[in-house]
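J.:
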Amino acid sequence: MKETRQYEPEHDKGSQVTVQLSTRSLLVVEGGASCFYSTHFKGKYKPKHPVVITPWTTSSKIKIYPSMLLFQPDNAHKPQFFRVTALENNAPDGAEQIIEHKANSIDPSFSGSGVNFEPKSILVCTTRNDGKYAFSAGDSQCGELGQGPNTFSYTFKEIPLIHFIESSDYKVSNVKSMQKNLLSKVASGTHHTHIVDGNGQIFSFGNSEHGQLGPSSWFCQSLREMKATNKPVPVTNFNSTNCFQVIINGLACGGEHSIAFSQDDDVFTWGNNDFFQLGTHQGESTIPRTLLLPMRCKVAQLTTKVACGAMHSVLLMAEGVVLTWGYGKSGALGHGPNRTNITSPTRVESLASVNIFHVSCGDMHTAVVSGSGDLYTAGWCEYGRLGRNVSNDCSPMFEKARYSTYYYVDLKQRKCTYVACGGAHTMLLTDDHKVFAFGANQYGQLGVGDCRDKLLPTQIIFFQGISICNIQLGQNHSLAITDDNVLYAWGNGEQGQCGVGDYPQIYTLPSLVKSLIGCKVVQVAAGSAFSIALTMFTPEYVQFQHQENKELAKHAKSFILEDINRRERVRHIIRSKQLNREGRHQFDCKLLLNRQRNYRGNSVNDSKKVPPPQNSLLATTSHTTSLQRALRSAVATQRPRSSIPCCMGRTIGTSSTQKSVQSTLPKAKASWIITKQSALHRCPTNNLLRPNTPPPPYPR
Numbered sequence: 001m002k003e004t005r006q007y008e009p010e011h012d013k014g015s016q017v018t019v020q021l022s023t024r025s026l027l028v029v030e031g032g033a034s035c036f037y038s039t040h041f042k043g044k045y046k047p048k049h050p051v052v053i054t055p056w057t058t059s060s061k062i063k064i065y066p067s068m069l070l071f072q073p074d075n076a077h078k079p080q081f082f083r084v085t086a087l088e089n090n091a092p093d094g095a096e097q098i099i100e101h102k103a104n105s106i107d108p109s110f111s112g113s114g115v116n117f118e119p120k121s122i123l124v125c126t127t128r129n130d131g132k133y134a135f136s137a138g139d140s141q142c143g144e145l146g147q148g149p150n151t152f153s154y155t156f157k158e159i160p161l162i163h164f165i166e167s168s169d170y171k172v173s174n175v176k177s178m179q180k181n182l183l184s185k186v187a188s189g190t191h192h193t194h195i196v197d198g199n200g201q202i203f204s205f206g207n208s209e210h211g212q213l214g215p216s217s218w219f220c221q222s223l224r225e226m227k228a229t230n231k232p233v234p235v236t237n238f239n240s241t242n243c244f245q246v247i248i249n250g251l252a253c254g255g256e257h258s259i260a261f262s263q264d265d266d267v268f269t270w271g272n273n274d275f276f277q278l279g280t281h282q283g284e285s286t287i288p289r290t291l292l293l294p295m296r297c298k299v300a301q302l303t304t305k306v307a308c309g310a311m312h313s314v315l316l317m318a319e320g321v322v323l324t325w326g327y328g329k330s331g332a333l334g335h336g337p338n339r340t341n342i343t344s345p346t347r348v349e350s351l352a353s354v355n356i357f358h359v360s361c362g363d364m365h366t367a368v369v370s371g372s373g374d375l376y377t378a379g380w381c382e383y384g385r386l387g388r389n390v391s392n393d394c395s396p397m398f399e400k401a402r403y404s405t406y407y408y409v410d411l412k413q414r415k416c417t418y419v420a421c422g423g424a425h426t427m428l429l430t431d432d433h434k435v436f437a438f439g440a441n442q443y444g445q446l447g448v449g450d451c452r453d454k455l456l457p458t459q460i461i462f463f464q465g466i467s468i469c470n471i472q473l474g475q476n477h478s479l480a481i482t483d484d485n486v487l488y489a490w491g492n493g494e495q496g497q498c499g500v501g502d503y504p505q506i507y508t509l510p511s512l513v514k515s516l517i518g519c520k521v522v523q524v525a526a527g528s529a530f531s532i533a534l535t536m537f538t539p540e541y542v543q544f545q546h547q548e549n550k551e552l553a554k555h556a557k558s559f560i561l562e563d564i565n566r567r568e569r570v571r572h573i574i575r576s577k578q579l580n581r582e583g584r585h586q587f588d589c590k591l592l593l594n595r596q597r598n599y600r601g602n603s604v605n606d607s608k609k610v611p612p613p614q615n616s617l618l619a620t621t622s623h624t625t626s627l628q629r630a631l632r633s634a635v636a637t638q639r640p641r642s643s644i645p646c647c648m649g650r651t652i653g654t655s656s657t658q659k660s661v662q663s664t665l666p667k668a669k670a671s672w673i674i675t676k677q678s679a680l681h682r683c684p685t686n687n688l689l690r691p692n693t694p695p696p697p698y699p700r
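According to the UniProt record's numbering, the sequence shown is numbered sequentially starting from 1.
(1) Between the Cα of Q459 and the Cα atoms of I574, H210, I248 and I98, which residue gives the shortest distance?
(2) Does P108 come out as helix, strand or coil in the three-state DSSP assignment?
(3) Just grab the DSSP bridge partners of L26 for me.
(4) So the alpha helix (DSSP H) F544 belongs to, where does it begin and stop?
(5) Measure the alpha-carbon distance for T685 versus Y154 and round it to whole angstroms.
(6) Is it true that the CB of A252 sits closer than 9 Å to the CB of A307?
(7) In the structure shown, what three-state DSSP assignment does residue 701 receive?
(8) Under three-state DSSP, which class holds Y503?
(9) Between T340 and Y327, what straight-line distance do the alpha-carbon atoms span, to the nearest angstrom?
(10) Since I believe V354 is in contact with V314 (beta carbons under 8 Å), could you give me their beta-carbon distance rounded to a whole number of angstroms?
(11) Output needed for V500: all residues of its chain with C-beta closer than 6 Å, excluding positions within five of it in sequence on either side, in chain order.
(12) How close, in whole Å, do the beta carbons of T54 and K102 come, if the pair is a contact with beta carbons under 8 Å?
(13) Can you tell me whether P149 is helix, strand or coil according to DSSP?
(14) Using 9 Å as the threshold, is the C-beta distance between V19 and K42 below it?
(15) With a 10 Å radius around its C-beta and 16 neighbouring C-beta atoms as the bar for buried, classify N598 as buried or exposed.
(16) Between which two residues does the beta strand (DSSP E) harbouring H433 extend?
(17) Identify the residues that DSSP records as bridge partners of V186: which are they?
(18) With distance defined between alpha-carbon atoms, name the residue in N230, S350 and V246 nearest to N199.
(19) In whole angstroms, what separates the C-alpha of V17 from that of G320?
(20) Go ahead and pull the three-state DSSP assignment for R567.
(21) Which residue's Cα is closest to the Cα of G271: D107, K185 and H191?
(22) Note down, one range per segment and in chain order, each beta strand (DSSP E) of at least 3 residues found wholly within the stretch 25 to 59.
(23) Would A378 and G422 be called neighbours here (beta carbons separated by less than 9 Å)?
(24) Please say whether I98 and I64 have beta carbons closer to each other than 9 Å?
(25) When DSSP labels each residue in this structure, what does H572 get in the three-state scheme?
(26) On the DSSP bridge assignment, give the partners of A342 in chain order.
(27) Identify the continuous beta strand (DSSP E) that holds D139 and give its terminal residues.
(28) State yes or no: is the C-beta of P160 within less than 9 Å of the C-beta of F203?
(29) Measure the alpha-carbon distance for V186 versus I195 and round it to whole angstroms.
(30) So for G384, helix, strand or coil by DSSP?
(31) What residue range is occupied by the uninterrupted beta strand (DSSP E) comprising C361?
(32) Can you give me the C-alpha to C-alpha distance between V84 and Y503, rounded to a whole angstrom?
(33) Run through the DSSP bridge pairs and tell me what H77 is partnered with.
(34) Could you name the residues that DSSP lists as bridge partners for Y376?
(35) For the beta strand (DSSP E) that contains L333, what are its first and last residues?
(36) Below 6 Å CB to CB, which residues in the same chain sit around S660 once its five sequence neighbours on both sides are set aside?
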């Protein structure tokens, strides 16, 4: 028996050790979510010595992290994960890459050709996010739409190509050649936008009161007078001597400042510098300044991503190092409880031991995703935007988002692949193609079917069965792109920023942008009250294709019908959950009322009976009839919008002439307050913690 136990981990010499991979193919999008796949040893046999699994590929279009996985004998059958990310501007659309694996160990049975991988290799398909046409929707008081003189637009309209040509060195005769040039990047701030073409040239439009659009010889004189432009204009040079132009690889827009990094790994900042968000001690600047980064002399690290908040900035290096600077009182910089403004890029020490591959900024908070798929947040905690329970007014250190299994979906077994931050709300994507949201929800911007704030990550059930690859968040609205290049929008649409209708309203569920169906949306950006989308085709071209091919037109109609049916199913699910919650609360309320009546009817001398808790609202409802009428009237006029069952999952109009919904059960109105109060005492963990102090204001 001892000999049998001693050789039990060994396998038969005639059989091979098998390593199981979780998938045969992956789809990754430039600038979008990464993909995870797991690997583990299959079968009952265990290695005697550690085994290293190494992925390898001949392609330079994708990046695999980590470079190897170490399996110990006691965890050889426990899955470990690799992450695959598409490198930008490196692969043609639809390019396929092959990932293979090899095993190394002291034990020859678990090394080299003695190990069999199932499947043999993984096929990775990369999709570029470059577009040919730009569309915009929303408010345009400062020229945010880039369509010329225009007040607003409730649907997406094309930014005319002639605007790019008139303001650049292109001649009108080169319109056809300009159409072949792709638009590679788009970023929007509070009231301004930058678009980068395939040659690395930046075009800007919108508000430039603090120089956030950058310098341009074409409109420099008029910009000093107007402080804004409603047409795309080129940013001409990136130094004060006007000696050279650079090719931009990435950029980001904040409240009133902008950041970009070039092909030569130089980082430039321009715009407002009231809180040192430009990374310098100088004042605001319309001339992009080269940013001096630490550790450059010793370690050659490339910049991979930049992000901007309202008044702070974040930079991500290729080795997973995060640098932050700017406004620190909100805690979004993550440098500790001191919460002071940082004047230059400084490494976040709380993330020193964590490899970060994605960053995003909200107005006053920051979120990062680690290579292992964990989400870290820091900053102001109001409305639950950090995705965790914070006892103070803010969290000045990066910590993992907390997950709950009672009211929210469990995320402990999921990997976060992407995160996006808005004004005061946050959304993330997981490796199983689920979308979760948390934070402020007064305009339905979380897309969960109501207008209640969410403290912890809550799944958007509308996207069950729909694979989302990219999400961008504005101040109070949200945008999402599917793997099929279809655009959804929801949240505040009062200025038309959702681009889904011809009248102002808010959307509590994701709404299909029908005007861009078939246009192949590849990239989006969201500002304060406007949205920008890059597409491969125009609606006119799609309409022409539908006329030529009836099957395409039929498919588009069936897709819209399927979206309508999906919306009705989701509304029914949300309404059923709401009614169940209200039913449970009303049952508890009736139980309390019966206990109170029984207590009053019994003998006063009965010392064994303990009176129920004397809730003030509960006691007043059993008093006079006039007081009950007053309570019913107060509830009818002050009842929160998100608690009305008939509004669950539906769009809510903002018309002042709209009649309020009258309930057919007047007693239920009076008991609603009781229900709410009993829920607060019964489930205190379901409440959102409000900060002890008001949000730190931005002094002017």
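Each residue gets a CB set at the ideal place from its N, CA and C atoms; glycine is no exception.
T.: The structure says:
(1) I574
(2) Note: P108 maps to helix in three-state DSSP.
(3) V124
(4) P539 to E548
(5) Per-residue confidence for T685 stands at a pLDDT of 42, beneath the threshold of 50, marking its modelled position as unreliable; the derived number appears in the next sentence. The alpha-carbon atoms of T685 and Y154 are separated by roughly 40 Å.
(6) In this structure, A252 lies closer than 9 Å to A307 by Cβ.
(7) In the structure as shown, the chain begins at 1 and stops at 700. Residue 701 is therefore absent and cannot be evaluated.
(8) coil
(9) 7 Å
(10) Not quite, the Cβ-Cβ distance comes to about 14 Å (not below 8 Å), so this is no contact.
(11) A489, S511 and V513
(12) 5 Å
(13) Secondary structure of P149 (DSSP, three-state): coil.
(14) yes
(15) exposed
(16) That residue, H433, is in no beta strand (DSSP E); it is neither H nor E in DSSP.
(17) I195
(18) V246
(19) Here the C-alpha atom of V17 lies approximately 34 Å from the C-alpha atom of G320.
(20) Three-state DSSP puts R567 in a helix.
(21) H191
(22) 25 to 29, 35 to 42 and 51 to 56
(23) no
(24) Not closer than 9 Å, so no.
(25) helix
(26) The sequence given here has Ile at residue 342, not Ala. I342 pairs with G326.
(27) Y133 to D139
(28) no
(29) The alpha-carbon atoms of V186 and I195 are separated by roughly 4 Å.
(30) Here G384 sits in helix by DSSP.
(31) I356 to C361
(32) Each residue's Cα considered, the two are about 42 Å apart.
(33) Paired residue(s): none; H77 is not in a bridge.
(34) Answer by DSSP bridge pairing, in chain order: V368 and K400.
(35) Element bounds for L333: n/a, residue is neither H nor E.
(36) At S660, the pLDDT of 42 sits below 50, so the modelled position is not reliable and the matter cannot be decided from this model.
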